[in-house]
Amino acid sequence: MKHFKHNDGGRKAAGFFNTNDACIRAMAIACSISYAKARKICKEASAFGEMQSRAIAKGVYKQDFESALRSLGWQYVKIPRVKGESTRVADLPKGRFIAEMTNQFVAVIDNVVNDTADCSHRVIKGYWTPSK
């Protein structure tokens, strides 16, 4: 089964070309909102977060991104570490998630990474899911 679909989350259509926008792309795709709206939400979270008013063109701090997701009603599910076992995209349940990998957040829809690069082989530390 293919576990990757190229998807920029509407970045190009919105007129943006920056490359450090994994959080914005993941939010736009997983939350089914426009890239511009996801960018605005992340920018607002960054204005009050870790570095306050830091330009998000250089990326969004993890704490600020997590704060933005919580404000949208998403919750974090930590994947327990088991010696000798790793959780990959194929191991997640069906649904819409934002998966946390080392230094990366990606949208996952029904076990398929939706992003600009295939990172489906990487280990997942946990994932964000909409609150029920």
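In this text, residue positions in the sequence shown follow this note's numbering: the first is 357, and each later residue adds one.
Glycine residues also receive a C-beta, built at the ideal position from the N, C-alpha and C atoms.
Partner residues in the beta bridge of F453, as assigned by DSSP, are V464. Of the candidates T375, W484, F372, A446, W484 places its Cα closest to the Cα of R426.
Less than 8 Å divides the Cβ of A455 from the Cβ of V464. Distance from the CA of K481 to the CA of K434, rounded to the nearest whole angstrom, comes to 7 Å.
According to DSSP, residue pairing for P486 in a beta bridge involves W430. Distances from the CA of C379 to each of G371, Y432, E422 were compared; the closest alpha carbon is that of E422. When the alpha-carbon of D447 is set against those of Y432, A411, W430, D466, the nearest one is in D466. Bounds of the beta strand (DSSP E) holding K361 are 360-362.
Every unbroken stretch of the alpha helix (DSSP H) spanning 4 or more residues and falling wholly within the region 370-431 is given here in chain order: 378-387, 391-403, 418-427.
D474 carries a coil assignment under DSSP once its states are collapsed to helix, strand and coil.
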